[in-house]
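Let me begin by presenting the structure, written as structure tokens, before commenting on it.
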Amino acid sequence: MSSLVKCPHCGLRPREEFAIRGEVATPRPKAGADESAWFDHVYLRDNPRGEHREYWHHAGGCRRWLVLSRNTVTHDISDVVDASTLKVGGDA
Amino acid sequence: MRDFPLNIVSPFPAKPAANGHAAVHIAPIGDGFVFHVLGNAGATEGSLKKLINDIAPELGGALCSPSPHQWFWIGSCEVSQDRFAEILAKLPDGFAMTDQTHGRVRMAVSGVKVRDVLAKGTMIDLAPDVFAVGQSAMTQIGQIGAMITRTDDDCFEIMVLRSFAVSLWDELHHMAAEFK
Ligand SMILES: [Zn+2]
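The listed protein sequences derive, respectively, from chains E and U.
The C-terminal residue of the first sequence carries number 92 in the numbering used here, and the numbering is unbroken.
The C-terminal residue of the second sequence carries number 1180 in the numbering used here, and the numbering is unbroken.
Given below as structure tokens:
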């Protein structure tokens, strides 16, 4: 895994400063969605080979939640944004 | 607002300056104040600076930002609890502030070997041409969260939560031991 992460607020930081909290889940199902949709949302994770979006918390720095786009094969990080920017689209 | 006065007591041993090294000097900063200011999404450092100038110009001090829309307002004078309450009352909507003088402890580390000492604990680049005088960063020294500010050529100020201060103090002396 890449040892340096470019926090949009703090700049290049070692990954030891971050807590990794797993994939960015798909949008929450509607309240009336059937059980399989909820089961998928709550329990099932994709573990893809390739591009993956993950929540990282910059615990040792700005303490902001970030969304990091990482390739699980090459470990290249293509994009890091503050998680609050996801809200703009209304589906985070 | 708090219900009882805060006693600000140094967490360090009685004569901490006695532990200084030749090439590295480590000293507690006992005086002054630390205020933690939170701003809403529209708050900028510029607007906060102007605000401070308007409501408490006599305090001076500097702002360093640990996170977006958050600042530590740090200065060297004593601020009474009444004065703090006055400033708080003048703070407009969109800002919130707490007195952290008792909760955050500052220390000064300086000397020609200061970067070699800090490099043992922190992973950020403190090289003179990368980390300018006045610049600060919220990061870690070992596993201890610390705000590092460069105050002069070979001088840094480190601010940590009070309960970590003595631990970091001892650690800094271990890190500096080879330069005795
Ligand atoms: Zn950060």
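Note that the Cβ used here is the ideal one computed from N, Cα and C, for glycine as well.
Work out the CA separation of residue j and residue i for me, nearest whole Å.
i: Val1109(U); j: Asp1116(U); result: 12 Å
i: Gly1103(U); j: Cys1077(U); result: 17 Å
i: Trp38(E); j: Lys87(E); result: 21 Å
i: Lys1113(U); j: Thr26(E); result: 50 Å
i: Glu51(E); j: Gln1140(U); result: 30 Å
i: Gly1111(U); j: Gly22(E); result: 43 Å
i: Ala1165(U); j: Ala1096(U); result: 26 Å
i: Ala1041(U); j: Cys1064(U); result: 17 Å
i: Pro1068(U); j: Ser84(E); result: 12 Å
i: Met1026(U); j: Trp56(E); result: According to the sequence displayed, residue 1026(U) carries Ile and not Met. Computed Cα separation, rounded: 34 Å.
i: Phe1084(U); j: Ala1043(U); result: 21 Å
i: Arg53(E); j: Asn1007(U); result: 47 Å
i: Val24(E); j: Trp1071(U); result: 29 Å
i: Val1105(U); j: Met1147(U); result: 10 Å
i: Asp1154(U); j: Ile1124(U); result: 16 Å
i: Ser78(E); j: Phe1012(U); result: 45 Å
i: Leu1161(U); j: Gly1145(U); result: 8 Å
i: Glu16(E); j: Val81(E); result: 18 Å
i: Arg28(E); j: Ile1074(U); result: 43 Å
i: Ile1158(U); j: Thr1149(U); result: 6 Å
i: Arg63(E); j: Pro14(E); result: 14 Å
Can you tell me whether residue i is buried or exposed, with buried defined as 16 or more other CB within 10 angstroms of its CB?
i: Lys30(E); result: exposed
i: Ala33(E); result: exposed
i: Leu12(E); result: exposed
i: Pro1066(U); result: buried
i: Gln1143(U); result: exposed
i: Arg45(E); result: exposed
i: Asp1099(U); result: buried
i: Arg49(E); result: exposed
i: Ile20(E); result: exposed
i: Gly1039(U); result: buried
i: Leu1059(U); result: buried
i: Phe1156(U); result: buried
i: Gly1121(U); result: buried
i: Ser1010(U); result: exposed
i: Asp91(E); result: The predicted model places Asp91(E) with a pLDDT of 47, which falls under 50 and marks its position as unreliable; any figure quoted below should be read in that light. Exposed, because fewer than 16 other Cβ atoms sit within 10 Å of the Cβ of Asp91(E).
i: Thr1101(U); result: buried
i: Gly60(E); result: buried
i: Ser36(E); result: exposed
So what does DSSP say about residue i, is it helix, strand or coil?
i: Met1175(U); result: helix
i: Ile1158(U); result: strand
i: Arg1104(U); result: strand
i: Gly1096(U); result: A quick correction: the sequence has Ala, not Gly, at residue 1096(U). In the structure shown, Ala1096(U) sits in a strand (DSSP, three-state: E or B).
i: Gln1081(U); result: helix
i: Arg13(E); result: strand
i: Lys6(E); result: strand
i: Thr85(E); result: helix
i: Arg1115(U); result: helix
i: Leu1088(U); result: helix
i: Ala1043(U); result: coil
i: Ser36(E); result: helix
i: Asp1054(U); result: helix
i: Ala1165(U); result: helix
i: Val67(E); result: strand
i: Leu1048(U); result: helix
i: Asp1152(U); result: strand
i: His58(E); result: coil
Exercise for review: Inspect the CB distances between the region 1089 to 1098 of chain U and the region 1043 to 1053 of chain U and report whether three or more fall short of 8 Å.
Suggested key: yes
Check your understanding: Does the region 1027 to 1035 of chain U touch the region 1123 to 1137 of chain U, meaning 3 or more C-beta pairs lie closer than 8 Å?
Key -> no
Review point. So which residues put a beta carbon under 7 Å from any heavy atom of ligand 1, going in chain order?
Key: Cys7(E), His9(E), Cys10(E), Arg13(E), His58(E), Gly61(E), Cys62(E) and Arg64(E)
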